[in-house]
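If you count the sequence shown from 1, position 202 lands on 202 in my numbering, and the numbers rise without skipping. Inspection log for the structure reproduced underneath, given as structure tokens.
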Amino acid sequence: MESELVGLFEAAKKAADAAAAEDGGSEESRCLDALEQLKTFPVTYQLLVSTQVGKRLRPLTKHPRRKIQTFATSLIEIWKDIVIKETSKDIKNGKLEAKPSFKLESPKAESPRPEKFQRTSSGKVEKGTKAEPVKVEKVERNAAERKVQNDMTSSVQNVKVEKVTRDVKKSAVGASATPKLASMIKSNDAARDRVREMLHEALAKVSGEADEDIMDEVNACDPIRVAVTVESVLFENWGGSSGSQKAKYRSLMFNLKDAKNPDFRRRVLLGHVKPERLVDMSTAEMASDERRQENKKFEEKALFECQRGGPKEATTDQFKCGRCGKRKTTYYQMQTRSADEPMTTYVTCVNCNNRWKFC
1 MESELVGLFE AAKKAADAAA AEDGGSEESR CLDALEQLKT FPVTYQLLVS TQVGKRLRPL
61 TKHPRRKIQT FATSLIEIWK DIVIKETSKD IKNGKLEAKP SFKLESPKAE SPRPEKFQRT
121 SSGKVEKGTK AEPVKVEKVE RNAAERKVQN DMTSSVQNVK VEKVTRDVKK SAVGASATPK
181 LASMIKSNDA ARDRVREMLH EALAKVSGEA DEDIMDEVNA CDPIRVAVTV ESVLFENWGG
241 SSGSQKAKYR SLMFNLKDAK NPDFRRRVLL GHVKPERLVD MSTAEMASDE RRQENKKFEE
301 KALFECQRGG PKEATTDQFK CGRCGKRKTT YYQMQTRSAD EPMTTYVTCV NCNNRWKFC
């Protein structure tokens, strides 16, 4: 049984690898046939544990071919149900057989043992027994039995709760999600239809870029519906894309399609950024987090360069401050009058920050 199960899995794995590397459908159909045979194969909990086929099948759930991915996922769910049912059945049988198994061992513990005789100092012989160690051993064994049963019961309950929670979550997502549109909703304007197509093209990229923890939320959103809503709001506030607001349309499309800005289009698709908010957003607000950090560095550098653009100051002790009497000062000179007049000297005291000038 084990060799047959492993052989079917190896055939399916080999065909799946070939289907991922080639464009033809022959290897894909061969992989699906092997998976179908695995589905009808009479597997048991012990067989899955000994062969570890369930763990080795899990990478096929992320296969690039959609059919193989779906079939592998359903097969793993079927095997999970088999494991849960057999585990629950074994625990029930274990509870029923727990008492007889320990009754068979108890006589061994209470079987008569050779008595030990001790000679006292007075010459009398006294009889000793081991009744107390036997009782202690029996109590420890009963405690170990209860602990094993509690551990097995709690593990099965955790598995059942996890499965029920996963099913409830999936049903809640499916019930709250609105049905997706099969095709784009057309308007009477070709330019507006073109804008809707470009918005849909940008928002459709989110499903291939999202992480696994938000994949369910992304799949519940409809890119076509969001694209139509966004375009309607933009047309209501900006007008046509060929008019005076053409630059705003181009800026928005550029940021939505930017390969380095996946966060912006994901927030638009999930509704974190409302269509009404897009009307007033600036290009700096649409930029990615990385771009914002670069812009902030450029602003700080420009501010620093602006501060450095002033006249250079020199340090000297030739001038005495009239306020504190110190001679540690800085100064610079500027031509504030006509060219034939001397330059004006501006002096600053380093100690008290007193400022004065003279010609």
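Here a beta-carbon is modelled for each residue, glycine too, at the ideal position from N, C-alpha and C.
In the DSSP annotation of this structure, the continuous segment of the beta strand (DSSP E) that includes ARG355 starts and ends at 355-358. One Cα belongs to LYS260, the other to SER288, and the distance between them is close to 7 Å. Burial is judged here by how many other beta carbons sit within 10 angstroms of a residue's own beta carbon; PRO59 has fewer than 16 and is exposed. Here GLN335 carries a coil assignment [DSSP, helix/strand/coil]. For a cut-off of 8 Å, the C-beta gap from VAL233 to VAL279 is around 7 Å, short enough to register as a contact. In this model, MET281 and LYS62 are separated by some 37 Å (Cα to Cα). Taking a 10 Å sphere around the C-beta of THR329, we find 16 or more other C-beta atoms and assign the residue as buried.
Nearest in C-alpha terms to GLY271, of all of PHE254, ASN237, VAL230 and ALA247, is VAL230. Per DSSP, the continuous beta strand (DSSP E) segment holding THR344 begins and ends at 344-349.
Judged by DSSP in its simplified three-state form, ALA210 adopts coil rather than helix or strand. DSSP places ALA220 in no alpha helix (DSSP H); its state is neither H nor E. Excluding sequence positions up to five before and after PRO342, its CB lies within less than 6 Å of the CB of CYS359, all in the same chain and listed in chain order. Counting along the chain, THR40 sits inside the alpha helix (DSSP H) bounded by residues 26-40.
Only exposed fits ARG194, as fewer than 16 other CB atoms lie within 10 angstroms of its CB.
For THR316, the uninterrupted beta strand (DSSP E) segment begins and ends at 314-316. DSSP places PRO179 in no alpha helix (DSSP H); its state is neither H nor E. Taking a 10 Å sphere around the C-beta of VAL53, we find 16 or more other C-beta atoms and assign the residue as buried.
Linking LEU181 to CYS221 through their CA atoms gives a straight-line distance of about 11 Å.
Look at THR44 here: in three-state DSSP terms it is coil, with no helix or strand label. In this structure, VAL218 lies away from ARG265, with their beta-carbon atoms at least 7 Å apart. Straight-line spacing of the CA atoms in PHE41 and GLU77 works out to 15 Å. In the DSSP secondary-structure assignment, THR330 is bridged to THR315 and THR348. Here the C-alpha atom of GLU197 lies approximately 13 Å from the C-alpha atom of LEU256.
Scanning its chain for C-beta atoms nearer than 6 Å, with the 5 sequence neighbours on each side dropped, one finds around VAL6 the residues THR51, in chain order.
Counted as a single uninterrupted DSSP element, the alpha helix (DSSP H) harbouring ASN255 occupies residues 246-257.
For LYS55, the enclosing alpha helix (DSSP H) stretches over residues 53-57.
Secondary structure at ASP340: coil, using DSSP grouped into helix, strand and coil. Contact annotation, ALA15 with ARG65: C-beta distance approximately 10 Å; criterion of less than 8 Å not satisfied. Judged by their CB atoms, ALA34 and GLU27 are not nearer to each other than the 7 Å cut-off.
Remark: C-beta atoms of GLN335 and THR345 do not approach each other more closely than 7 Å.
CA-to-CA, the gap between SER3 and ASP213 works out to about 37 Å.
Taking each of LEU199, PHE235 and GLU285 in turn and checking the Cα distance to VAL226, the smallest one comes out for LEU199. Around the beta carbon of ILE185, fewer than 16 other beta carbons lie within 10 angstroms, which makes this residue exposed. The Cβ atoms of ALA204 and PRO223 lie closer than 7 Å to each other. Secondary structure of GLY7 (DSSP, three-state): helix.
Rounded to the nearest whole angstrom, the CA to CA distance from TYR249 to SER242 is 9 Å.
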